[in-house]
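J.: This is the structure I have questions about; it appears just below.
There are 2 protein chains.
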Amino acid sequence: MMYTKDNAQTIYQSEIKKYNDYKSMGLNLNMSRGKPAPDQLNISSDILDVLNSKSNLIGSVDYRNYGILDGIPEAKKLFSELCGVRESQIVVMGNSSLNIMYDMVQRGMQFGVGGEKPMNAQGKLKWLCPVPGYDRHFAVTELFGFELICVPMKEDGPDMDIVEELVKDPTVKGIWCVPKYSNPQGYVCSDEVVRRFARLKPAAKDFRIYWDNAYGVHFLDEDVPLLNLLEEAEKCGNEDMVYMFGSTSKISFAGAGIAYICCSENNVKWLTKLMSYQTIGHNKIDQYAHVLYFKDANGIRTHMKKLASLLKPKFDKVFEVLERSGKGLMDWTKPKGGYFISVDLPEGTAKRTVELAKEAGVIFTAAGATFPYKKDPKDSNVRIAPSFPPVNELETAMEVFCCCSKIAWAEKYL
Amino acid sequence: MMYTKDNAQTIYQSEIKKYNDYKSMGLNLNMSRGKPAPDQLNISSDILDVLNSKSNLIGSVDYRNYGILDGIPEAKKLFSELCGVRESQIVVMGNSSLNIMYDMVQRGMQFGVGGEKPMNAQGKLKWLCPVPGYDRHFAVTELFGFELICVPMKEDGPDMDIVEELVKDPTVKGIWCVPKYSNPQGYVCSDEVVRRFARLKPAAKDFRIYWDNAYGVHFLDEDVPLLNLLEEAEKCGNEDMVYMFGSTSKISFAGAGIAYICCSENNVKWLTKLMSYQTIGHNKIDQYAHVLYFKDANGIRTHMKKLASLLKPKFDKVFEVLERSGKGLMDWTKPKGGYFISVDLPEGTAKRTVELAKEAGVIFTAAGATFPYKKDPKDSNVRIAPSFPPVNELETAMEVFCCCSKIAWAEKYL
Chain A
0 MMYTKDNAQT IYQSEIKKYN DYKSMGLNLN MSRGKPAPDQ LNISSDILDV LNSKSNLIGS
60 VDYRNYGILD GIPEAKKLFS ELCGVRESQI VVMGNSSLNI MYDMVQRGMQ FGVGGEKPMN
120 AQGKLKWLCP VPGYDRHFAV TELFGFELIC VPMKEDGPDM DIVEELVKDP TVKGIWCVPK
180 YSNPQGYVCS DEVVRRFARL KPAAKDFRIY WDNAYGVHFL DEDVPLLNLL EEAEKCGNED
240 MVYMFGSTSK ISFAGAGIAY ICCSENNVKW LTKLMSYQTI GHNKIDQYAH VLYFKDANGI
300 RTHMKKLASL LKPKFDKVFE VLERSGKGLM DWTKPKGGYF ISVDLPEGTA KRTVELAKEA
360 GVIFTAAGAT FPYKKDPKDS NVRIAPSFPP VNELETAMEV FCCCSKIAWA EKYL
Chain B
0 MMYTKDNAQT IYQSEIKKYN DYKSMGLNLN MSRGKPAPDQ LNISSDILDV LNSKSNLIGS
60 VDYRNYGILD GIPEAKKLFS ELCGVRESQI VVMGNSSLNI MYDMVQRGMQ FGVGGEKPMN
120 AQGKLKWLCP VPGYDRHFAV TELFGFELIC VPMKEDGPDM DIVEELVKDP TVKGIWCVPK
180 YSNPQGYVCS DEVVRRFARL KPAAKDFRIY WDNAYGVHFL DEDVPLLNLL EEAEKCGNED
240 MVYMFGSTSK ISFAGAGIAY ICCSENNVKW LTKLMSYQTI GHNKIDQYAH VLYFKDANGI
300 RTHMKKLASL LKPKFDKVFE VLERSGKGLM DWTKPKGGYF ISVDLPEGTA KRTVELAKEA
360 GVIFTAAGAT FPYKKDPKDS NVRIAPSFPP VNELETAMEV FCCCSKIAWA EKYL
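Sequence order for the protein chains is A and B. Everything in the first sequence is counted per numbering that gives the first Met the number 0, starting at 0 for the first residue and increasing by one. Everything in the second sequence is counted per numbering that gives the first Met the number 0, starting at 0 for the first residue and increasing by one.
Here you go:
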């Protein structure tokens, strides 16, 4: 069946019948949140066994006591190895990379970046937001009053022609980027895109790249390599422009992991100076437990293979249903890792599709959430999060999604 | 021997001889940091046994996963019981109450408090600092550009006649206070002082009391009661003016505890709204481990008795040496709890005393550290931190201290 105006009535009638059947099932499914499923969390349970009351917790210092602002040496070693940076280029903190990113933006607002004036004192400023993207990124910079400028995502990363043009504006102070298995499309920045990021010559000296490598080792099958932005930036003397973030939120426990920032030694010095007013140090026992559990970067990669074996069937199931029931009507990405699949519905139907699904008991990420100000100009993009529900629920949820999308499409012609 | 000018030469000669003996001992002692000793930390070791890979971590939600911004219900219950507040009046976070306080000040600077303009946009502002006090408090508000106004501490708390006068100035936006076993004097606010705090009518609507109850259950022997400021403030409709802070840093592990803020429901609502941009939630597994270990507020109090049995002999040793070797020259406080003893040396001799001690291998908190801008106008106050060194080291360190103080005093007349 082709999705042409002539077929709209026929398609509507057939789908609304299915829809009513779904409604009568009393479904209660949630496809909105990029959170690990319990079976993924179970894989990390042994992390709770690596420390007990008999453990020696005296490393470089007594890890039970105060001290160590920048993270315990063992954790710096582990995550610097994982990220391919020097130990002098990393600060390991608590459980939330979002918290680190928020605080970095706030520090720029309050104290200024790179010796420039506090951003609070610089008038109206702008921030670049590759779209579709991560709603919590956009929300942070919206909160601080930045005008959010959309930059289209391409399969190899943000459109760098546009980025290079926009950073000529001295009021542009930063860009968000999830460089690998991006949220929501699952795209990976190509070497060329990473190098163009590294070579950027923004007009603003206090422009920073917020490189949120949230899914750096979150492959589903074969890993896709990502060039090291900090290293590339260093080659052009641009290393102060780069903040790279990561965490174990989707490696160990989503609510009880370890997060870190990688940046130049200059930036580490500036950051830890300001941090020294804020805290005496983050939880070193949590950091140490992670180190003892994973041992080294390869330990993390081996662990990720186990998680991938649980996630891949879920992604495959979503692809299968989209292939079966969405073809010809919608487009979707086929990520090789990460937590999301991005679906583009016919223009002007995303909100209605999500609304219909909700009425049938299936929650999807709100249409628009993947754009700044929650406004998708085409009302087309929906983020699918396959990780949490069991496979059998996924199948039903995605069938409901395709059914609702067809109804939303057909309604435009009726 | 009386400390009169006539005796200065004699005292100097006798003390300098002792001092040279100390120097030749090659001492390496540190009395500067208010951190728990290893034997205190050992008392909490079993907290590492309450959770393991077999534990059920599914409480109100799966505590391994994302979610719960304001702290797990069990932790809110535990600490609200300990603090005598409603569960709706507490937000439980990560390991550092300093971090919570810093962030609260920063939120006021950036977003404004109580609907008022951001403090960043209000010109030059002031903050009240009871002295002597806690250097990290003063450093936070100095960093944000407040003019720090000293308020004398009395045995029953800050001098409220002065506080009540100063808050008539609309540029005064806050006051630091460690209400119980204060740092460094160990004073406890009397009921009357707490009530005067509760009744304050500051000119600034965005004035806040930063009530850092860091030592709320840190008695050495009999506990001294402290009136509940939030409750008292509520009686006068003043509850939005109060932020109360606490943590388990000196209850469980100094580097891996749980911290919280107690405040009005209005303030909780405002705070969690802003927090929702910053994090998805703090480490719930750490919170849960604390709950399982302590069980209830009485569990914490019983635990504190064990810690007190280790701390009290240390305080007693310091008192003993001061009594023996400092009498007539210096004054000191005799706290019934907390982590510090405050010593007032003859005017103009604190810096020199600490310097002499350092040269003999004994580190004390820098003279001046207990005052804003690190400037003790009388150069007299030194904070003694007896918790970390073993008792035998304490005795030597305090003898060195008294010896150095006598030399510093005598030098003024030679």
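Idealized CB from N, CA, C, for every residue including glycine. Just so we're clear, the structure is a prediction, and the values are computed from it rather than from any experiment.
1. Out of A/R135, A/C403, A/F252 and A/R198, which has the shortest C-alpha to C-alpha gap to A/N19?
2. First and last residue of the alpha helix (DSSP H) that includes B/Y292?
3. Within 8 Å, do at least three Cβ pairs link the region 383 to 401 of chain B to the region 321 to 341 of chain B?
4. For a cutoff of 8 Å on Cβ pairs, would you count B/M30 as touching chain A?
5. Please confirm whether A/M303 has its beta-carbon closer than 8 Å to some beta-carbon of chain B.
6. B/L28: which of B/Q39, B/T369 and B/N391 sits nearest, CA to CA?
7. Does the beta carbon of A/V90 sit closer than 8 Å to a beta carbon anywhere in chain B?
8. Taking the alpha-carbon of B/P157 as reference, which of B/P117, B/T271 and B/I208 has the nearest alpha-carbon?
9. Given this structure, state the Cα-to-Cα distance separating A/N51 from B/D285, to the nearest angstrom.
10. Please classify A/C149: does DSSP put it in a helix, a strand, or coil?
11. In terms of residue numbering, what span does the alpha helix (DSSP H) encompassing B/D134 cover?
12. Using a threshold of 8 Å, state whether the C-beta atoms of A/G173 and A/F206 are closer than that.
13. Shorter than 8 Å from the beta carbon of A/N266 to some beta carbon of chain B?
14. Buried or exposed for B/L413, please, with buried defined as at least 16 other CB atoms from any protein chain shown within 10 angstroms of its CB.
15. Under the DSSP definition of a beta bridge, which residues are partnered with B/M1?
16. What does A/A255 reach in chain B if we use C-beta pairs closer than 8 Å?
17. Kindly say whether A/P37, judged by its beta-carbon, lies nearer than 8 Å to any beta-carbon of chain B.
18. Answer yes if the region 241 to 255 of chain B comes into contact with the region 82 to 99 of chain B, meaning at least three C-beta pairs across the two stretches below 8 Å, and no otherwise.
19. Using DSSP bridges, identify the partner residues of B/A258.
20. Below 8 Å between beta carbons: does that hold for B/L225 and B/P178?
21. By DSSP, does B/L68 sit in helix, in strand, or in coil?
22. Is the Cβ of B/F252 closer than 8 Å to any Cβ of chain A?
23. Can you find the residues in the same chain that come closer than 6 Å, C-beta to C-beta, to B/R198, ignoring five residues on each side of it along the sequence?
24. Does the region 60 to 74 of chain B come into contact with the region 87 to 97 of chain A, if we say contact requires no fewer than three beta-carbon pairs (one atom in each stretch) closer than 8 Å?
25. Can you tell me the Cα-Cα spacing of B/A368 and A/C128, whole angstroms?
26. Kindly give me the distance between the Cβ atoms of B/Y214 and B/Y180, rounded to whole angstroms, as I take these residues to be in contact under 8 Å.
27. Buried or exposed: B/D295, going by 16 or more other Cβ atoms within 10 Å of its Cβ?
28. Hey, does B/M108 have any beta-carbon neighbour from chain A nearer than 8 Å?
29. Determine, using beta carbons only, whether A/Y101 comes closer than 8 Å to chain B.
30. What is the C-beta distance between A/S59 and A/P72, in whole angstroms, given that I count them as a contact (C-beta under 8 Å)?
31. Which value, in whole angstroms, describes the spacing of the CA atoms of A/K305 and A/G298?
32. Listing by chain order, which chain A residues have their CB less than 7 Å from the CB of B/Y276?
33. What residue range does the alpha helix (DSSP H) around A/P37 cover?
34. Just checking my contact of B/E141 with B/P371 at CB under 8 Å: how many whole Å lie between their CB atoms?
35. In chain A, what lies closer than 7 Å to B/K34 by C-beta?
36. Are the region 33 to 50 of chain A and the region 7 to 15 of chain B touching, with three or more C-beta to C-beta distances below 8 Å?
T.: For this structure:
1. A/C403
2. K283 to F293
3. yes
4. no
5. no
6. B/N391
7. no
8. B/I208
9. 14 Å
10. strand
11. D134 to L142
12. yes
13. no
14. exposed
15. In DSSP, B/M1 forms no bridge with anything.
16. Y62, R63, N282, K283, I284 and D285
17. yes
18. yes
19. B/S246
20. yes
21. coil
22. yes
23. C235
24. no
25. 45 Å
26. 4 Å
27. exposed
28. yes
29. yes
30. 5 Å
31. 11 Å
32. Y101, A138, V139 and L142
33. P37 to I42
34. 7 Å
35. N64 and Y65
36. no
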